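Asker:
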Amino acid sequence: MSSGLDKGHSSSKPTQRVALVIQYLGTHFHGWQRQPQHRSVQEEIERTIASVLDHPVTLHGAGRTDAGVHAAAQVAHFEAPSHIPAHRWASILNSRLPNDILIRGSAPVEQTWHARFSACWRRYRYTIYTDARPNLFVRPFTWHYYLAPLEASLMQAALEPLLGRQHLAAFHRAGSSRAHSWVDVQAAECIRRGPFIQIELQASGFLYGMVRLLVGMLVEVGRGDRSPAEFTELWQQQRRDLVKYAAPPQGLCLLRVGYPEFPFSPEIWFDTQPQLTLPSMAEPVSCFG
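So the sequence shown is numbered by full-length UniProt numbering: it starts at 1 and just counts up by one.
1) With a threshold of 8 Å, are at least 3 pairs of Cβ atoms found where one atom belongs to the region 232-251 and the other to the region 61-71?
2) For Ser181, tell me which candidate among His167, Phe117, Leu214 and Arg193 has the shortest Cα-Cα distance.
3) Within the continuous alpha helix (DSSP H) that includes Val211, where are the two ends?
4) Among Trp32, Gln37 and Ser204, whose alpha-carbon lies nearest the alpha-carbon of Arg123?
5) Where does Ile103 fall in DSSP's three states?
6) Could you tell me how far apart the beta carbons of Val211 and Tyr126 are, in whole angstroms, since I believe they sit closer than 8 Å?
7) Can you say whether Ala174 is buried or exposed, counting buried as having 16 or more other CB atoms within 10 angstroms of its CB?
8) Rounded to a whole number of angstroms, what is the C-alpha to C-alpha distance between Pro228 and Ile49?
9) Quick one: measure Cβ to Cβ for Pro263 and Ala19, integer angstroms, because I've assumed they're closer than 8 Å.
10) When we look at the beta-carbon of Glu44 and count the other beta-carbons within 10 Å, is it buried (16 or more) or exposed?
11) Just the Cα atoms here: how many angstroms apart are Thr15 and Gln111?
12) Measure the C-alpha to C-alpha separation of Val21 and Ile103 and round it to an integer number of angstroms.
13) Express the C-alpha separation of Pro140 and Ala132 in angstroms, rounding to a whole number.
14) At the level of alpha carbons, what is the spacing between Ala73 and His172?
15) Secondary structure at His167, three-state DSSP: helix, strand or coil?
16) Helix, strand or coil, according to DSSP, for Phe206 in the structure here?
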């Protein structure tokens, strides 16, 4: 019986552009981007698509997450034969992908639509777990920091001057190919929910290592080692030499990617990931979305 997934590749066959919404647990990946000798999310999905089509494909992602960083809704696209309905790709890939990658949805898009270049914003969330008691079920998704109390209101005060177009070279790790350090910050929030502190940043784009470097400095503010005004002065004066510590990767998650015309229904964002729950909490807290 035919599966309907005719293999073989010919340049004369009509193709379509397919968009994917992707979740992954970053723990055992060396980041999103394909790299020699290392496991990456991009390569796992490309290899899986190629196993269906019997020819190599290139998957274009909306952003490049670092090693150990998670995603609740990464967005990517690839070219596929048009005889396979675009909406079927989610189930096709999920039946073949490893357990730490899940395709939330697939949809056809115009040939001019691009997962990276059509995006108008990305939103990240960083979660810190502040209870001194370790918890196995939150460990993979949080930075367990309990060495000193953290005051979330001070961290929020430090974030507020970041809004707008800013030069954030202080939070730009070496090794980036990006020619400048300007970032259009659209949202910056720090909220305490029980033993969790969650920091959310939304921007048109992010610098290499920006969120983790920024969170590392925010913790200094939260524990009283640096005032919100000193935090602002540091990045305004581009004092990269004073930014010494990056927060660990497991607390960071790519929440969403925004587009002027998004090819998926709003429901794609809901029920995206398990929630963090503790017996002492009245309500569960999502570390993703």
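A virtual CB, placed ideally from N, CA and C, is assigned to each residue, including glycine. Bear in mind the structure is a predicted one, so any value in this text is a computation, not a measurement.
Answerer: According to the structure data:
1) yes
2) His167
3) Met210 to Gly222
4) Ser204
5) strand
6) 6 Å
7) exposed
8) 48 Å
9) 5 Å
10) buried
11) 10 Å
12) 6 Å
13) 16 Å
14) 24 Å
15) strand
16) coil
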